[in-house]
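Residue numbers (our numbering), protein chains in the order written: chain A, 1 to 105; chain B, 1001 to 1105; chain C, 2001 to 2105; chain D, 3001 to 3105.
Protein chains: 4
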Amino acid sequence: MVQDPVLDELRQFVRERDWGKFHTPGNLAKSISIEAGELLECFQWDGAELESAKEELADVLTYCLLLADKLGVDPAEIVTAKLEKSRDKYPVEKSYGRSAKYDRL
Amino acid sequence: MVQDPVLDELRQFVRERDWGKFHTPGNLAKSISIEAGELLECFQWDGAELESAKEELADVLTYCLLLADKLGVDPAEIVTAKLEKSRDKYPVEKSYGRSAKYDRL
Amino acid sequence: MVQDPVLDELRQFVRERDWGKFHTPGNLAKSISIEAGELLECFQWDGAELESAKEELADVLTYCLLLADKLGVDPAEIVTAKLEKSRDKYPVEKSYGRSAKYDRL
Amino acid sequence: MVQDPVLDELRQFVRERDWGKFHTPGNLAKSISIEAGELLECFQWDGAELESAKEELADVLTYCLLLADKLGVDPAEIVTAKLEKSRDKYPVEKSYGRSAKYDRL
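Set out below in C-alpha cells:
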C-alpha cells in the first residue's frame, strides 16, 4: 500500500464520512471527468481564471489520487512508467518542436 | 519551484522535445479533459478495463503535474488546501454515508 | 414519442444489435463525455483537425439523441426551452459582447 | 446553409449578444466538453438527477448545433453518415449483444 501523507489525509476524510462505498473505480473515473470539465471552464472563452483553475486542478488531482489508491498503484510510479513509453513513442529527433501524434510523426 | 523527481523527469521530457510552447495552461486543461475521457472509456459499458485505466490515469496525472508546474503550485499543497475546505463544506455529522452535495445537506 | 427519421435509424441500429441493455441514461451520459473528449482532441494543440471534428461531433450528437430518447424528451424542445431560460439569464443589454457568466454580469 | 427553426433561434440569440466572436470551433468544442461534464454530474454517484440531466443535455446539444453550424454541416446528415460507418464497423452478427469495440469483435 502506498505511503503518502496527502493520501493518508484523503483516506481519513473519506473514511470519516463513510464515503468509500461511493468510490468505485468507475465512479471515481466519472468524477475525474466532471472535475476536468470544471477546470476547463476556467479557460472556456477569452481570458483564464487562474485562481479558480488551481482549485479545480486540486479536485481533479484528489480524485486521481483516490482512484490510484483504489487501483492499488502509486501515482509517481505510473507516471514514470508512462513517461518511459512516451520516450519510445516520441523520439526527440522526430518529435522536436512538433505537436503531431506519434502515429503521424 | 516545486522539487520533485517525477516533475524533473517530466520537465526534461518536455524540454528535450521543445514542447513547452504548446503547454499553455489552457492547452494543458484541454489535455486533462481529453485524457479524462479516455480514462472514462475504460468504464463505458459493463465491466471495466483496469489495466488500461492505470495507463490513462497516468496520462491525466501527467498533465495535472505539468499544469500545476505551469501555475506555480505544488500538487500536494493544493490538494491539502482543498481538503481543508471540503472538511468545512462536508461536516462529518451531516454528510456521513451520504453522497449529497454540500448545498443539499 | 419523438418522431424523427434519424432517431428511427438510430433506434433500429441499436435494436438490431441488442445494445439497448447497455444504454442506461448514466452510460449514455458517460458516452457523451467520452466522445466530447475525442472531439476536443481535434483542437488540443495548435491547429484544428476539422474533418475529424465533424465525425467526432456526429458521435457526440448520436449519444445525445439516444439519451434524449431514453429520457423521453424531444431534442428541439429542450434546446428551445433552455434558450428561453438563457434569454432571461443573459439580457442583451447586460451581456452584449461579453463572455462573463450570468452571475457576474 | 442549414435551414432549421431551432438553429435560427440560436443564431439570433448569439447575434443579438455579439457572442459570435467567442464561438471559434475550438471554444465550442471546449464548451461541449464542459457541458458534458455537467451532464455527467447528474449521474456521479448513486441515483440520477433526471430533471437536471434534461437541462444539461440541452446545453450539450446547443453547443453541438452551434459547432455544426460553424463547421457548415447539417447535424442530421453527419449523424446519418456516421451511422453508415458504424454499420460497417459493427456487423450485426459479430456485435449482437456485445459491448466490445469494433477492433475486438
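Yeah, the Cβ is synthetic: ideal placement off N, Cα and C, and Gly gets one too.
Buried/exposed call for residue i, threshold 16 Cβ in 10 Å
i: ARG3104 (chain D); result: exposed
i: GLU1035 (chain B); result: buried
i: ASP1059 (chain B); result: buried
i: GLU3005 (chain D); result: For the record, residue 3005 (chain D) in the displayed sequence is Pro; it is not Glu. PRO3005 (chain D) comes out exposed.
i: GLN2012 (chain C); result: exposed
i: LYS30 (chain A); result: buried
i: VAL1079 (chain B); result: buried
i: ALA53 (chain A); result: buried
i: GLU38 (chain A); result: buried
i: GLU3093 (chain D); result: exposed
i: TYR1090 (chain B); result: buried
i: GLU1056 (chain B); result: buried
Cβ of residue i within 8 Å of any chain D Cβ
i: ALA36 (chain A); result: yes
i: SER1095 (chain B); result: no
i: ALA2008 (chain C); result: Note on identity: in this sequence residue 2008 (chain C) is Asp, with Ala being the wrong assignment. Chain D contact via Cβ: absent.
Interface flag, residue i vs chain A, CB-CB below 8 Å
i: LYS1089 (chain B); result: no
i: LYS2030 (chain C); result: yes
i: MET2001 (chain C); result: No answer about MET2001 (chain C) holds up, because its pLDDT of 46 lies below 50 and its placement is not dependable.
i: SER2052 (chain C); result: no
i: GLU1049 (chain B); result: no
Closer than 8 Å to chain B by CB, residue i
i: SER33 (chain A); result: yes
i: ALA58 (chain A); result: yes
i: LEU2040 (chain C); result: yes
i: ARG11 (chain A); result: no
i: GLY26 (chain A); result: yes
Sequence-distant residues of its chain with Cβ nearer than 7 Å to residue i (five each side left out)
i: ALA1048 (chain B); result: CYS1042
i: HIS1023 (chain B); result: VAL1014, LEU1066, LYS1070
i: LEU2010 (chain C); result: THR2062, LEU2065, LEU2066
i: LEU1028 (chain B); result: TYR1063, LEU1066, LEU1067, LYS1070
i: SER95 (chain A); result: LEU105
Cutoff 8 Å: residue i Cβ touching any chain C Cβ
i: VAL3079 (chain D); result: yes
i: TRP45 (chain A); result: yes
i: ALA3100 (chain D); result: no
i: ARG3015 (chain D); result: no
i: ASP3018 (chain D); result: yes
Close-in-space but distant-in-sequence residues of the same chain around residue i (CB under 8 Å, 5 per side omitted)
i: ILE1032 (chain B); result: VAL1060, TYR1063, CYS1064, LEU1067
Close-in-space but distant-in-sequence residues of the same chain around residue i (CB under 6 Å, 5 per side omitted)
i: ALA3081 (chain D); result: none
i: GLY20 (chain A); result: VAL14
Chain G contact for residue i (CB, 8 Å cutoff)
i: SER1086 (chain B); result: Annotation note: the requested chain G is absent from the structure, which comprises protein chains A, B, C and D.
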